[in-house]
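Colleague: FYI, the numbering for the sequence shown is 39 to 250, going by the numbering used here.
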Amino acid sequence: MAFSQRSADIESLLKNEGVPIGVTVGVNIATPVISFFDNSRTGVSFMTRINIFEDWFFNGEVGYENVSSNISTLNYQSNGTFLKIGGEKNLLSKKKTLTDNIFIGVQYGMALQEQSASSIIVENGYWEDYRGSIPSETVQTHWIEVSGGPRAELLKNLYFGWKIHIMASVALIGQENLKPYAVPGFGNGDKRVNGGFSYTVEYMFPWKKKRK
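(1) Below 9 Å between beta carbons: does that hold for Ile202 and Phe224?
(2) On the criterion of 16 or more Cβ atoms from any shown chain inside 10 Å, does Asn77 qualify as buried, or is it exposed?
(3) What do you reckon, are the CB atoms on Gly101 and Asn139 nearer than 9 Å?
(4) If you draw a straight line from the alpha carbon of Ser156 to that of Asn113, how long is it in whole angstroms?
(5) Along the chain, where does the alpha helix (DSSP H) that runs through Ser73 open and close?
(6) Looking at the structure shown, is Pro218 part of a helix, part of a strand, or coil, going by DSSP?
(7) With a threshold of 16 other CB atoms inside 10 Å of the CB of Pro222, please say whether the residue is buried or exposed.
(8) Taking only the alpha-carbon atoms, compute the straight-line gap between Ile158 and Ile67 and give it to the nearest angstrom.
(9) Mapping the DSSP letters down to three states, classify Leu130 as helix, strand or coil.
(10) Shortest alpha-carbon distance to Tyr197 belongs to which of Trp245, Thr238 and Gln153?
(11) Does DSSP classify Thr179 as helix, strand or coil?
(12) Beta carbon of Thr179, beta carbon of Ile211: below 9 Å?
(13) Relative to the alpha-carbon of Gly170, which residue among Ser154, Gly143 and Ile182 has its alpha-carbon at the smallest distance?
(14) Judging by CA-CA distance, which residue of Asp93, Phe120, Phe95 and Gln115 is the nearest neighbour of Ile182?
(15) Quick one: what's got a C-beta closer than 7 Å to Ser50's C-beta in the same chain, skipping five residues either side?
(16) Using a Cβ-Cβ cutoff of less than 6 Å, which residues in the same chain neighbour Glu152 once the five nearest sequence positions on both sides are dropped?
(17) Mapping DSSP to helix, strand and coil, what is Glu92?
(18) Name, in chain order, the residues that DSSP records as bridge partners for Asn104.
As structure tokens, this is what we get:
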């Protein structure tokens, strides 16, 4: 009975107020949180989401990530930026909800980074280990990404959301001496396919409400 009443209340709100449509901007807090526990990485990214239609959205993300990793056989440095653009669909648009969403989408990603290794050791079981360095080089990585996850309104026009990301590399350009240890926005450069999470705090600037 209570559920039926709630459904009726939501349907009434939809009819009278409409579904908010506008531009959303936000910040992905996943990388700063990771940096708190792993001081070899620093970075942040910002996102936007724009209604194309009621159920469909253009989305984009831009950010940077710097890595300084010093392990036993490699002293690696990388500074880079990344861009993601694509589209996504709100799967809850027909579930009679005003503000909560479940998004699924596809994005194209590109990262541009400058990387170097001030010290590298290649161990050899028979001969003397190789010791050297790799000069700075600029590398591009391109990938296709599928992502999905929920978003909920915490306060008026203020949202929190999280997503799962599956990314597949399609091109690596400019790499001559060293495959990227870490690619901004993509992850482990040794893998063709990576997975990841994002946690976003978002604010919507509504420009109208779509009547149901």
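Note that the Cβ used here is the ideal one computed from N, Cα and C, for glycine as well.
Modeller: On the basis of the data shown:
(1) As a working note, residue 202 is residue 164 in the sequence shown. As a working note, residue 224 is residue 186 in the sequence shown. No. Outside cutoff.
(2) Here residue 77 refers to the residue found at position 39 of the sequence shown. Counting Cβ neighbours within 10 Å, Asn77 comes out exposed, since fewer than 16 surround it.
(3) Within the sequence shown, numbered from 1, the residue matching residue 101 stands at position 63. Within the sequence shown, numbered from 1, the residue matching residue 139 stands at position 101. No, Cβ-Cβ distance for Gly101 and Asn139 is not below 9 Å.
(4) Taking the first residue of the sequence shown as position 1, residue 156 is located at position 118. Taking the first residue of the sequence shown as position 1, residue 113 is located at position 75. Whole-angstrom Cα-Cα distance: 6 Å.
(5) By one-based count along the sequence shown, residue 73 stands at place 35. That run of the alpha helix (DSSP H) goes Ala68 to Phe75.
(6) Along the sequence shown, one-based indexing puts residue 218 at 180. It is coil, neither helix nor strand.
(7) Position 184 of the sequence shown holds residue 222. Around the C-beta of Pro222, 16 or more other C-beta atoms lie within 10 Å, and the residue is accordingly described as buried.
(8) Locating residue 158 in the sequence shown gives position 120, where the first residue counts as 1. Locating residue 67 in the sequence shown gives position 29, where the first residue counts as 1. Ile158 and Ile67 have their C-alpha atoms spaced approximately 32 Å apart.
(9) For the purposes of this step, residue 130 is taken as the residue at position 92 of the sequence shown. Reduced to three states, the DSSP call for Leu130 is coil.
(10) Reading the sequence shown from its first residue, position 159 is the one you call residue 197. Ranking the options by Cα distance to Tyr197, first place goes to Thr238.
(11) Looking up residue 179 in the sequence shown gives position 141. If DSSP states are grouped into helix, strand and coil, Thr179 belongs with the strands.
(12) The residue given as residue 179 occupies position 141 in the sequence shown. The residue given as residue 211 occupies position 173 in the sequence shown. Cβ distance < 9 Å, so Thr179 and Ile211 count as in contact.
(13) Along the sequence shown, one-based indexing puts residue 170 at 132. Taking only the C-alpha atoms, the option nearest Gly170 is Ser154.
(14) Taking the sequence shown and counting its residues from 1, the one referred to as residue 182 is at position 144. Among Asp93, Phe120, Phe95 and Gln115, the Cα nearest to that of Ile182 belongs to Phe120.
(15) The sequence position of residue 50 within the sequence shown is 12, counting from 1. Residue confidence for Ser50 is low, a pLDDT of 48 falling below 50, so the modelled location carries little weight; the figure read from the coordinates is stated next. Nothing listed; no residue qualifies.
(16) One-based indexing of the sequence shown puts residue 152 at position 114. Counting only Cβ-Cβ distances below 6 Å, and skipping sequence neighbours, we find Asn117, Ser174 and Thr176.
(17) By one-based count along the sequence shown, residue 92 stands at place 54. In the displayed model, Glu92 falls within coil according to three-state DSSP, outside both helix and strand.
(18) The sequence position of residue 104 within the sequence shown is 66, counting from 1. Answer is Thr80 and Asn117, bridged to Asn104.
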